[in-house]
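*Asks:* If you count by the working numbering, then the first sequence holds residues 51 to 237, one letter each, in order.
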Amino acid sequence: MPLPKSFYDRDPADVARELLGKLLVVDDKLRGRIVETEAYYGLSDPASRAFKGKTKLSRWMWEDAGSAFVYMVHGYWLFNVITEREGKPSGVLIRAVEPVEGIDYMIERRGTENPKNLTSGPGKLTIAFGITGKDNGTKVYDGHSRIVIEKGEMARFKIATSGRIGVREDLPEHLRFFVEGNKFVSR
DNA sequence: AGGAAGATCTACT
DNA sequence: GTAGATCTTCCTA
Numbered sequence: 051m052p053l054p055k056s057f058y059d060r061d062p063a064d065v066a067r068e069l070l071g072k073l074l075v076v077d078d079k080l081r082g083r084i085v086e087t088e089a090y091y092g093l094s095d096p097a098s099r100a101f102k103g104k105t106k107l108s109r110w111m112w113e114d115a116g117s118a119f120v121y122m123v124h125g126y127w128l129f130n131v132i133t134e135r136e137g138k139p140s141g142v143l144i145r146a147v148e149p150v151e152g153i154d155y156m157i158e159r160r161g162t163e164n165p166k167n168l169t170s171g172p173g174k175l176t177i178a179f180g181i182t183g184k185d186n187g188t189k190v191y192d193g194h195s196r197i198v199i200e201k202g203e204m205a206r207f208k209i210a211t212s213g214r215i216g217v218r219e220d221l222p223e224h225l226r227f228f229v230e231g232n233k234f235v236s237r
């Protein structure tokens, strides 16, 4: 069962923290455990795609909680889930997952057999899972969607935080969350 | 037409 | 570990 829409209708930092350990599922055959996330706010966050207002690309950030927002940067697609109510842009970037199921497909798409290099980065995991701009607007709380996020079980783990990676201008708060010691975290 | 963007890969010290 | 090239759209001029 996918996580309910209400799970995403909250502050993105809370959602980012609690998405750790959850399962990203695509086409019911590719599964990955989320081990690294980042929260992004809207108009008040210079690193957010919504900062400069609605454009053809960023308009997906104004969708309702639990919608997919896929953005391309430097030739790679990055997968985000929108948080908070419709009309209030914010979201969570999925930065890394740990491969769980469908590893053969991931190896084929990524062109490498090194499991550590399959999904250990935001641009890598979209390639491994076959996620592109066409998936914009997908409702990840709807069981019929191609992309959903499920509860999943994971042994106890410790959550660490840091500033966000790669952004030109970060906010003072720590908005990156990751599973401490997990080898699939991007760095 | 040119540049920016939340990254990755490769080839070195 | 760090440095540089290169990746693809869309946005702004």
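All C-beta atoms, glycine included, are put in the ideal place defined by N, C-alpha and C.
Quantities reported herein were computed from a predicted structural model and do not represent experimental measurements.
For the candidate residues Y121, D185 and S170, whose alpha-carbon lies nearest to that of S236?
*Replies:* Here residue 236 corresponds to residue number 186 of the first sequence, with the count starting at 1. Looking at the Cα atoms, S170 is the closest of the given residues.
*Asks:* Note down, in chain order, each residue of its chain lying with its Cβ closer than 6 angstroms to the Cβ of F207, except the 5 sequence neighbours on either side.
*Replies:* In the first sequence, counting from the first residue as 1, residue 207 sits at position 157. The residues are V229.
*Asks:* With the cut-off set at 8 angstroms, would you say F179 and T87 are in Cβ contact?
*Replies:* Indexing the first sequence from 1 puts residue 179 at position 129. Indexing the first sequence from 1 puts residue 87 at position 37. Cβ atoms of F179 and T87: not closer than 8 angstroms.
*Asks:* Taking only heavy atoms of the ligand MG into account, decide whether any of them is closer than 7 angstroms to the Cβ of A146.
*Replies:* Ligands in the displayed structure: none, and consequently the ligand MG is not present.
*Asks:* Between the C-alpha atoms of E219 and G141, what's the straight-line distance to the nearest angstrom?
*Replies:* If you number the first sequence from 1, residue 219 lands on position 169. If you number the first sequence from 1, residue 141 lands on position 91. E219 and G141: Cα-Cα distance of roughly 17 angstroms.
*Asks:* Thinking just about the alpha-carbon of each residue, which of A63, S195 and E200 is nearest to the one in E223?
*Replies:* As a position in the first sequence, residue 223 is number 173, starting the count at 1. Ranking the options by Cα distance to E223, first place goes to A63.
*Asks:* Spell out a yes or no on whether the segment 125-132 and the segment 142-154 are touching, meaning 3 or more CB-CB pairs, one atom from each, closer than 8 angstroms.
*Replies:* Yes: at least three Cβ pairs fall under 8 angstroms.
*Asks:* Could you tell me whether the segment 66-75 touches the segment 91-103, using the rule of 3 or more Cβ pairs below 8 angstroms?
*Replies:* Not touching, per the Cβ criterion.
*Asks:* Only counting runs of 4 or more residues, tell me where the alpha helix (DSSP H) segments fall wholly within the segment 58-86, in order along the chain.
*Replies:* Listed in chain order, the complete alpha helix (DSSP H) runs (minimum 4 residues) inside the segment 58-86 are 62-69.
*Asks:* The alpha helix (DSSP H) spanning I197 covers which residue range?
*Replies:* Counting from 1 along the first sequence, the entry for residue 197 is found at position 147. Looking at the DSSP string, I197 is not in any alpha helix (DSSP H); the run it does join, the beta strand (DSSP E), is I197 to E200.
*Asks:* Name the DSSP beta bridge partners of P149, please?
*Replies:* For the purposes of this step, residue 149 is taken as the residue at position 99 of the first sequence. G82.
*Asks:* In chain order, what residues of the same chain have a beta carbon less than 6 angstroms from the beta carbon of G183, not counting five sequence neighbours either side?
*Replies:* Translated into positions along the first sequence, residue 183 becomes position 133. Excluding positions up to five away in sequence, the list reads V120.
*Asks:* Is T188 helix, strand or coil by DSSP?
*Replies:* Counted from its first residue, the first sequence places residue 188 at position 138. T188 falls in the coil class under three-state DSSP.
*Asks:* Identify, in the order they occur along the chain, each residue of the same chain with its Cβ nearer than 7 angstroms to the Cβ of R214, setting aside the five sequence neighbours on each side.
*Replies:* Taking the first sequence and counting its residues from 1, one reaches residue 214 at position 164. Around R214: E88, A97, D220, L225 and R226.
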